[in-house]
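What follows is a single structure, written as structure tokens, with notes after it.
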Amino acid sequence: MGVANFKLDSGKLLLLHAHVPNCRPIWIVSGNNFLRTYLGYKTKNLEKSKMRKLLLSAALLVGSTVAAFADTIEVQMLNANDAGDKMVFSQELIRAEVGDVIRFIPTDRSHNAESVKDALPEGQEAFKGKMSSEVEYLVTETGLTAVVCQPHQTMGMVALIVVGNDVSNAQDILDARVRGQGKDKIKALVEEAIASPS
Ligand SMILES: [Cu+2]
Numbered sequence: 001m002g003v004a005n006f007k008l009d010s011g012k013l014l015l016l017h018a019h020v021p022n023c024r025p026i027w028i029v030s031g032n033n034f035l036r037t038y039l040g041y042k043t044k045n046l047e048k049s050k051m052r053k054l055l056l057s058a059a060l061l062v063g064s065t066v067a068a069f070a071d072t073i074e075v076q077m078l079n080a081n082d083a084g085d086k087m088v089f090s091q092e093l094i095r096a097e098v099g100d101v102i103r104f105i106p107t108d109r110s111h112n113a114e115s116v117k118d119a120l121p122e123g124q125e126a127f128k129g130k131m132s133s134e135v136e137y138l139v140t141e142t143g144l145t146a147v148v149c150q151p152h153q154t155m156g157m158v159a160l161i162v163v164g165n166d167v168s169n170a171q172d173i174l175d176a177r178v179r180g181q182g183k184d185k186i187k188a189l190v191e192e193a194i195a196s197p198s
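Residue numbering for the sequence shown follows my numbering, starting at 1 and increasing by one per position.
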């Protein structure tokens, strides 16, 4: 569940995100105070099913609703990239915004993508892809997330997701358990994220 406020010419618009099983993420944009009322709830504490109901009824009731689609960012899992680096994600510093989906694609076999324990923003759901399988990560919180390929993290097959230029959990990422060359690369990626905000 991601919620963000955007200043536009017409005043403050509310952007909220509903994730419905088996559907693409839905974005609802509205200036209507009605939605604001719903968001007054501590959304994280509500059961998921209840939240879906609320969001869907909100979407139906707000006449001025405009649906927009968030980005899908594709990252390939590779035995080698064009530069000749072995066992790599096609992007290692992945910049995203709340609502985006990051899709890890098994271009080459025998890789996976998964988040690292205690190395993701508070409230963000962890993910763990199966070997040689596609996995999607729905971004719901700003901050940093460390991603590894389980069998190749020691060879440096890791990535860092940066959402909303928020690097506030950098220390958690540096403290997280990543093995071998992956640990050094994660550190370098965190430093890069801090040094060069997009
Ligand atoms: Cu791998």
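For every residue, glycine included, the Cβ atom is placed at its ideal position computed from N, Cα and C.
For residue i, the three-state DSSP class (helix, strand or coil)
{"i": "A170", "result": "helix"}
{"i": "K130", "result": "coil"}
{"i": "E136", "result": "strand"}
{"i": "E192", "result": "helix"}
{"i": "K117", "result": "coil"}
{"i": "Q260", "result": "Not covered by the structure: residue 260. The range shown for the chain is 1 to 198."}
{"i": "G182", "result": "helix"}
{"i": "G11", "result": "In this prediction, G11 has a pLDDT of 33, which is less than 50 and means its spatial position is unreliable; what the coordinates show is noted afterwards. G11: strand per DSSP, three-state reduction."}
{"i": "M155", "result": "helix"}
{"i": "Q124", "result": "coil"}
{"i": "D175", "result": "helix"}
Buried or exposed (CB count within 10 angstroms, at least 16 for buried), residue i
{"i": "K86", "result": "exposed"}
{"i": "M131", "result": "exposed"}
{"i": "I194", "result": "exposed"}
{"i": "G129", "result": "buried"}
{"i": "N165", "result": "exposed"}
{"i": "T145", "result": "buried"}
{"i": "Q153", "result": "buried"}
{"i": "S115", "result": "buried"}
{"i": "E191", "result": "exposed"}
{"i": "A176", "result": "buried"}
{"i": "Q124", "result": "buried"}
{"i": "E92", "result": "buried"}
{"i": "G143", "result": "buried"}
{"i": "P106", "result": "buried"}
{"i": "G84", "result": "exposed"}
Element boundaries [beta strand (DSSP E), containing residue i]
{"i": "T107", "result": "No beta strand (DSSP E) holds T107; DSSP gives it neither H nor E."}
{"i": "V88", "result": "86-89"}
Bridge partners - residue i, DSSP secondary structure assignment
{"i": "T145", "result": "I161"}
{"i": "A96", "result": "V163"}
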